[in-house]
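All remarks here apply to the structure that follows.
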Amino acid sequence: MTNIENQGRWANSVQANYGQPQISLDHGIGAEVWDIEGKRYLDFLGGIATNILGHAHPEIVAAISQQAGKLSHVSNFYMHEGVITLAEKLKSFTGDTEARVFFCNSGAEANEAALKLSRLTGRKKIVATAGAFHGRTMGALSLTGQPSKRDPFKPLLKGITHVPFGDSKAMRKAVTPKTAMVIVEPILGEHGVVVPPVGYLKAIREICDATGALMIVDAVQTGMGRTGTWFGYEYAGIMPDVITLAKGLGGGLPLGAMIALGRTAHLFTPGSHGTTFGGNPIACAAANAAIAVIEREGYLQRNIEFELEIKAGLSSLPQVQEVRGQGLLLGVVFKAEIATALYPKFLSAGLLVNAPNNSVIRIAPPLSVTPEQIAEFIALFSEVVTNHG
Ligand SMILES: *Cc1c(COP(=O)(O)O)cnc(C)c1O
């Protein structure tokens, strides 16, 4: 098979909602992948921030294989070791002894769970931020602040207000004692890696405390150590009421989680919510293995060194306005609208990245990326941008 042949097969059998991918990937190791024609790529998108340890990490492969050879899906009628271990671990990362975890399969489902949990406060109104991405199912889409994704599917959930991201004054005005929850991404991921002003998360915490609204941190993209802490909000010195996770959590397998803290931890009672595949043993095995490696290798701290290296390496390009973001979730912002035109050039140069809009290239490589691959990335990226003019 060739990439062209697979383009035809895809177009004739897969829904058109993702557009037409150009290449068909065959195998990978760490931050490198090969397509079916044998061309090598540096994978700096990491399956959209999901492959927290890249492809075919030996410890994840071993954990998945062992689990698959032992016990497949058990449902939540029964316990198994992996799901308890993972819940205990995530709970310990929050630092809250009351925290309780609900497992699901995706980011949208984690946010749906948070939405339902907030209804159990007896309040109905919700405040979210413009530009934010919280998923595509009808509830999560109602939280998402991107008109192009929302408008074709109206009517959505009622009672949701979107305020400008990073604007704590607008947030203070919108949140009232009728507000059930406020949901916020520590860094806007899908919207082009937008970092809020210093003090923003802290201000939201204060607004929620003053009104009794729940503060939901959507850490689906910033979480699992990608931004230098486990969830991406810790630098603000706050504790949210709910944390949602997915993407990197399953080490490349589909796994999501909603962690409810403090007074919210016990809002769900038997029968409140559920999902068949939540806490799947194979997905939990991958997550537990990934967390063990991240802790042992000290990747949280190392991410910050790579961040500084990439920022130093690319900021000086004349086409680049700034490199923003934290840890290994970075957006290269161009002075002109060239990101979409650059995209195919990155692909031919053997670099997988993505363009969330026409002036930003987003990178989210695996945390296990090597210093040599970081250097290769900076060189390749600079070359493509320089040749583009
Ligand atoms: C990707 C993403 C989601 C949605 O996750 P899915 O697994 O695609 O449903 C939600 N929130 C954020 C911040 C995301 O980046």
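Mapped onto the working numbering, the consecutive letters of the sequence shown carry residue numbers 2 to 390. Note that CB positions come from ideal geometry on N, CA and C, so glycine has one too.
Of the candidates 308, 26, 9, 8, the residue whose Cα lies closest to the Cα of residue 351 is 26. In terms of Cβ geometry, residue 226 and residue 249 form a close pair [threshold 9 Å]. Residue environment: residue 272 is assigned as exposed (fewer than 16 neighbouring CB atoms within 10 Å of its CB, all protein chains considered). Going by C-alpha positions, residue 176 is about 16 Å away from residue 123.
As a beta-bridge residue in DSSP terms, residue 258 pairs with 104, 246. Under the DSSP assignment, residue 344 falls in the alpha helix (DSSP H) whose first and last residues are 340-349.
For residue 327, the closest of 261, 319, 310, 18 by C-alpha to C-alpha distance is 310. For residue 241 and residue 182, the gap between their C-alpha atoms comes out near 11 Å. In this structure the region 371-385 touches the region 40-53; the number of beta carbon pairs closer than 8 Å is three or more. In the DSSP secondary-structure assignment, residue 353 is bridged to 44.
Ligand 1 never approaches residue 207 closely enough for any of its heavy atoms to be under 8 Å from the residue's Cβ. DSSP places residue 221 in the coil class of the three-state scheme, outside both helix and strand.
In this structure, the beta-carbon distance from residue 260 to residue 3 does not fall below 9 Å.
Your pair residue 219 and residue 135 checks out as a contact, with CB atoms roughly 6 Å apart and the cut at 8 Å. Annotation: the continuous beta strand (DSSP E) that includes residue 33 extends over 33-36.
By alpha-carbon distance to residue 130, the top candidate from 93, 113, 202 is 202.
The beta carbon of residue 325 sits closer than 8 Å to the beta carbons of 194, 195, 196, 331, 332, 334 from its chain, once the five residues preceding and following it are set aside; these are given in chain order. The beta-bridge partner set that DSSP reports for residue 334 consists of 323, 361. Here the C-alpha atom of residue 214 lies approximately 7 Å from the C-alpha atom of residue 178. Rounded to the nearest whole angstrom, the C-alpha separation of residue 236 and residue 228 is 10 Å. As summarised for the region 87-166, the continuous alpha helix (DSSP H) elements at least 4 residues long and confined to that stretch are 108-120, 139-144, 148-151, given in chain order.
Put simply, the backbone Cα of residue 300 is about 14 Å away from that of residue 252. With contacts defined by Cβ atoms closer than 9 Å, residue 317 and residue 323 do not form a contacting pair. Taken atom to atom, the span from the alpha-carbon of residue 174 to that of residue 168 is near 10 Å.
If you check the CB distance, residue 142 and residue 121 do not come in under 9 Å. DSSP places residue 283 in the uninterrupted alpha helix (DSSP H) bounded by 282-298.
Residue environment analysis places residue 166 among the buried positions, since at least 16 neighbouring C-beta atoms fall within 10 angstroms of its C-beta. Distance check between residue 257 and each of 265, 288, 268 places 288 closest, using alpha-carbon atoms only. Around residue 92, the same chain offers 100 as residues with beta carbons nearer than 6 Å, after the five sequence neighbours per side are excluded.
In this structure, residue 340 lies away from residue 364, with their beta-carbon atoms at least 9 Å apart.
Residues 24, 351 of the same chain have their beta carbon placed closer than 8 Å to that of residue 40, with the five preceding and five following residues left out of the count.
Residue 367 holds the alpha-carbon nearest to the alpha-carbon of residue 308 among 367, 6, 16, 10.
Shortest gap from the CB of residue 107 to any heavy atom of ligand 1: under 8 Å. If the five residues before and after residue 109 are omitted, its C-beta is found closer than 7 Å to the C-beta atoms of 136, 137, 138, 141, all from its own chain and listed in chain order. C-alpha of residue 281 to C-alpha of residue 64: approximately 13 Å in a straight line. The C-beta of residue 132 has 16 or more other C-beta atoms within 10 Å across all chains shown, which makes the residue buried.
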